[in-house]
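Colleague: Residue numbers (mature numbering (1 follows the signal peptide of the UniProt record, and there is no 0)): -20 to -1, 1 to 327.
One structure follows; several queries about it will come next.
Spelled out as structure tokens, the structure:
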């Protein structure tokens, strides 16, 4: 069942929750009403300090309350359920019900997701938030991998602004990136982006970046301040330069098989909660970013905001135009972003 259709029945469904019979499920625990409780597993590849962990915990608490104890969520941080490739497969077959995932991963299932992953796409976090909250406009995209992968996208959240950091020197112009080996995510668009900006792209799992920086296999990487500091990369790559080249979302995914097992009323209850979870994740990320900057500064990291952003943006513009113009779906998503950028310009 499409989630957009569930929204239409949500108000009626939520009024009848207290009268509904206990839903089916794995019987992982006891509900408030004394029946069996289904506890969804939410996989997460970062630490308990991350705001998406807290948002996942809140999702479980709110879902348990809204469904009279029939459903809850347990968050498994630090890749306890495996790497993202393994978790995606388990999500697809229904043995894991939920996960937070980085946006580039979804390009492998539907390449149209690339539009929101292109460099210098969003002018502000407010513009990105407006797009990711537009559930009507994104309905088709968010349901587009259900048939092939049995995965539904529930929402997208802000995952910070990504910048370049390295162990050599501050980055001010594209010339400063020449010859530097920079880690990027394992995505064709990310490789093309960093190479257009002037560096040597080195796709790599994030868990391997610290040792690669420490041993000189890498000169640097690109990421937001939170991940850079939380994974201790700030210890071995102290020059953080505000190229502001990406504002990637993260997505909350759900196994379509698990979703379809929920009653219409419980699906409606889940959907009612999602905007709150989106806001919790977004607000928490902004706060966590400030704390990350403070900690990195205390251990000697150097921040550089004297960057020729216009020069970098010019270099990657052909990549953006080529990708956006590939089909009408991408053109429509791009226009959605442009409208949001006009309404929420950079401050």
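Glycine included, every Cβ here is placed at the ideal spot set by N, Cα and C.
This one's a predicted model, so the numbers in the text were calculated from it and none came from an experiment.
For the pair the segment 226 to 240 and the segment 105 to 112, tell me if three or more CB-CB distances fall below 8 Å.
Modeller: yes
Colleague: Where does the unbroken alpha helix (DSSP H) through residue 253 begin, and where does it stop?
Modeller: Note, residue 253: alpha helix (DSSP H), 244 to 278.
Colleague: Starting from residue 85, follow the alpha helix (DSSP H) in both directions and report where the run begins and ends.
Modeller: 83 to 87
Colleague: Considering just the uninterrupted stretch of the beta strand (DSSP E) at residue 235, what are its terminal residues?
Modeller: 229 to 235
Colleague: For residue 7, count neighbouring C-beta atoms within 10 Å of its own C-beta (all shown protein chains included) and say buried if the count is 16 or more, exposed if not.
Modeller: Its pLDDT being 49, under 50, residue 7 is placed unreliably by the model, and the measurement read from it follows with that caveat. Around the CB of residue 7, fewer than 16 other CB atoms lie within 10 Å, so the residue is classed as exposed.
Colleague: Going residue by residue through the segment 17 to 54, where are the continuous beta strand (DSSP E) segments of at least 3 residues, counting only ones entirely within it?
Modeller: none
Colleague: Is DSSP giving residue 195 helix, strand or coil here?
Modeller: helix
Colleague: Would you identify the three-state DSSP class for residue 148, choosing helix, strand or coil?
Modeller: coil
Colleague: Pick from 324, 312 and 321: whose alpha carbon is nearest that of residue 93?
Modeller: With distances taken between CA atoms, residue 93 lies nearest to 312 out of 324, 312 and 321.
Colleague: Measuring CB atoms only, is the segment 159 to 169 touching the segment 191 to 207, in the sense that at least three cross pairs come out at less than 8 Å?
Modeller: Counting Cβ pairs under 8 Å, three or more are found: they touch.
Colleague: Rounding to the nearest angstrom, what Cα-Cα distance links residue 184 and residue 48 in this structure?
Modeller: For residue 184 and residue 48, the distance between alpha carbons rounds to 43 Å.
Colleague: If you drop the 5 nearest sequence neighbours on each side, which residues of the same chain put their C-beta closer than 7 Å to that of residue 131?
Modeller: 71, 72, 125, 233, 235 and 236
Colleague: In this structure, how does DSSP classify residue 212 when only helix, strand and coil are distinguished?
Modeller: In the structure shown, the three-state DSSP call for residue 212 is coil.
Colleague: Need the endpoints of the alpha helix (DSSP H) that residue 109 sits in, please.
Modeller: 105 to 112
Colleague: Alpha carbon to alpha carbon, how far is residue 198 from residue 373? Give it in angstroms, no decimals.
Modeller: The structure shown has nothing for residue 373, since the chain only spans -20 to 327.
Colleague: For the beta strand (DSSP E) that residue 183 lies in, which residues bound it at each end?
Modeller: 180 to 183
Colleague: So the beta strand (DSSP E) residue 330 belongs to, where does it begin and stop?
Modeller: The chain is shown from -20 up to 327; residue 330 falls before or after that span and cannot be answered.
Colleague: In this structure, does DSSP put residue 283 in helix, strand or coil?
Modeller: strand
Colleague: Taking residue 140 and residue 265 to be in contact with their CB atoms under 8 Å, please state how far apart those CB atoms are, rounded to whole angstroms.
Modeller: 6 Å
Colleague: What residue does the alpha helix (DSSP H) around residue 327 start on, and which one ends it?
Modeller: First-last for residue 327: undefined, no H or E at that position.
Colleague: I'd like to confirm the pairing. Which residues does DSSP put opposite residue 142 in its beta bridges?
Modeller: 226
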